[in-house]
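Visitor: Have a look at this one before I ask anything.
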Amino acid sequence: MTEIIRKVTDLRALVAGWHRAGDTVGLVPTMGALHAGHLSLVRAAQADCARVIATIFVNPKQFNNPADLAKYPRTEAADLALLQQAGVDVLFAPPPEEVYPLGFASTVSVAGVAGPLEGASRPGHFDGVATVVAKLFGMSRADRAYFGQKDWQQLQVVRRLVADLNLPTLVIGCETLREADGLAMSSRNTRLSPRARAIAPALYVAISRAARDLRAGSLAALDTCHAALLDAGFDSIDYIDLRDGETLLPLSAPTSTARLLVAAWLDGVRLIDNIPV
Ligand code: PAF
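Numbering (numbering that gives the first Met the number 0) for the sequence shown: 0 to 276.
What follows is the structure, encoded as structure tokens:
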């Protein structure tokens, strides 16, 4: 039975008991609208940890666009059913005032790795992510936390945050789960119209081709990828960039740690993806 906890004091008391019993505690932070990708994070946590907490909190601080926050799917009952089925011990789903009580005045801001790509396209987004992740780690005192590689830059921001602030939580990055046609699983996919859903797999096809062409030494690979996405029906492209996978600094040619990252708009939905090169 998955227990729902809404208060930090209750979560702390439960985790303290687990730690006293010698149990390792895994955390799967989410914003809800759970799909198979989230459940794969749960399974990874269960493989490593005696106890697993999933969190659902639609964090207002990481939305630079209020319309995006308003449209974000909220499906707690269905999410809880999935977590029950998966055998998660606790769902921590605090109300906003529990996370950001009156007088809350701190922001965690990660420089460098948080600056380009998503950081440039969505000003303030990673301040919101870093702040809430630092809080979720502090609130839960989890030993390990599981993040998807689909949000590659977020994963690097969280790793930087943990290293810089000497946080005791070990961060684990898990493989992106894809639909059969290659589309990376995302809560945003539910907002795609049938037409857009049919076009969306072109994103993974295009970056896979570009990665292959980059490895073969093509200088035009990124321009070709851009054109292929527009041809496929994407409305605009925020970025298609070759970057170092850890520092997110730009690269002009592949290296052993290179990563190709993309963000593109399709029928009002912003899709992101990334692959190693
Ligand atoms: O990836 C997400 O769902 C969110 O950014 C996270 C890590 C739960 C923080 O709100």
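All C-beta atoms, glycine included, are put in the ideal place defined by N, C-alpha and C.
Relative to the ligand PAF, is the shortest distance from any of its heavy atoms to the C-beta of T29 smaller than 7 Å?
Guide: Under cutoff, so the answer is yes.
Visitor: Report yes or no: do the segment 244-255 and the segment 102-118 share at least 3 C-beta pairs separated by less than 8 Å?
Guide: Cβ pair count under 8 Å is three or more, so yes.
Visitor: With a threshold of 7 Å (Cβ to nearest heavy atom), would D150 be considered close to the ligand PAF?
Guide: Under cutoff, so the answer is yes.
Visitor: Please find out if some non-hydrogen atom of the ligand NAP comes closer than 7 Å to the beta-carbon of V131.
Guide: The ligand NAP is not part of the structure shown, which contains the ligand PAF as its ligands.
Visitor: Quick check: the segment 47-57 against the segment 81-93, are there 3 or more CB pairs under 8 Å?
Guide: The answer is yes - the segment 81-93 touches the segment 47-57, with three or more Cβ pairs under 8 Å.
Visitor: Can you list the beta strand (DSSP E) stretches of 3 or more residues lying completely in the segment 202-255, in chain order?
Guide: Correct list: 235-243.
Visitor: Using only the heavy atoms of the ligand PAF, determine whether one of them is closer than 7 Å to the beta carbon of N165.
Guide: Checking the Cβ of N165 against the ligand PAF gives no.
Visitor: Please list the segments of the beta strand (DSSP E) lying wholly inside the segment 135-199, counting only runs of 3 or more residues, in order along the chain.
Guide: The qualifying runs are 143-147 and 169-173.
Visitor: Under three-state DSSP, which class holds V268?
Guide: Three-state result, V268: strand.
Visitor: Please determine if the segment 214-223 and the segment 59-68 are in contact, where contact requires at least 3 C-beta pairs separated by less than 8 Å.
Guide: No, the segment 214-223 does not touch the segment 59-68.
Visitor: Just list the beta strand (DSSP E) runs in the segment 46-126, keeping only unbroken ones of 3 residues or longer that don't cross its boundaries, in chain order.
Guide: For the segment 46-126, whole beta strand (DSSP E) runs of length 3 or above, ordered along the chain, are 50-55 and 89-91.
Visitor: What is the rounded straight-line gap between the Cα of F56 and the Cα of E97?
Guide: Using only the alpha carbons, I get a separation of about 11 Å.
Visitor: Can you give me the C-alpha to C-alpha distance between W295 and V24, rounded to a whole angstrom?
Guide: Since the first residue of the chain shown is 0 and the last is 276, residue 295 is not available in this structure.
Visitor: When we look at the beta-carbon of A20 and count the other beta-carbons within 10 Å, is it buried (16 or more) or exposed?
Guide: Classification of A20: exposed, given that the 10 Å Cβ count is below 16.
Visitor: Just checking N273 against the ligand PAF - is the residue's beta carbon closer than 7 Å to any of the ligand's heavy atoms?
Guide: It does not: the Cβ of N273 is nowhere closer than 7 Å to a heavy atom of the ligand PAF.
Visitor: Does any CB atom of chain C fall closer than 8 Å to the CB of D222?
Guide: Included in the structure is just one protein chain, with no chain C present.
Visitor: Output the boundary residues of the beta strand (DSSP E) element that contains L26.
Guide: L26 -> beta strand (DSSP E) spans V24 to T29.
Visitor: Any heavy atom of the ligand PAF within a distance shorter than 7 Å of the CB on V24?
Guide: The answer is no for V24.
Visitor: Look up A257 in the DSSP assignment and give the residues it is bridged to.
Guide: Answer is D243.
Visitor: Give the single residue among V27, S108 and L135 whose Cα lies nearest to the Cα of P95.
Guide: Comparing Cα-Cα distances from P95 to each of V27, S108 and L135, the minimum goes to L135.
Visitor: Could you pull out every residue in the same chain whose Cβ sits closer than 7 Å to the Cβ of L176, ignoring the five residues on either side in sequence?
Guide: A35, G36, S39 and M184.
Visitor: Where does the unbroken alpha helix (DSSP H) through T1 begin, and where does it stop?
Guide: First-last for T1: undefined, no H or E at that position.
Visitor: Which same chain residues, not among the five before or five after P72, have their C-beta less than 8 Å away from its C-beta?
Guide: Within the same chain, P72 has close Cβ partners G31, A32, S186, T189 and R190.
Visitor: Quick test of your reading: R5 and A77, contact by CB under 8 Å. State the CB separation rounded to the nearest angstrom.
Guide: Between A77 and R5 the Cβ distance is about 18 Å, and since that is not below 8 Å, they are no contact.
Visitor: Take the Cβ of F103 as the centre, count every other Cβ of all protein chains shown within 10 Å, and call the residue buried at 16 or more, exposed below.
Guide: When all chains shown are included, F103 counts as exposed.
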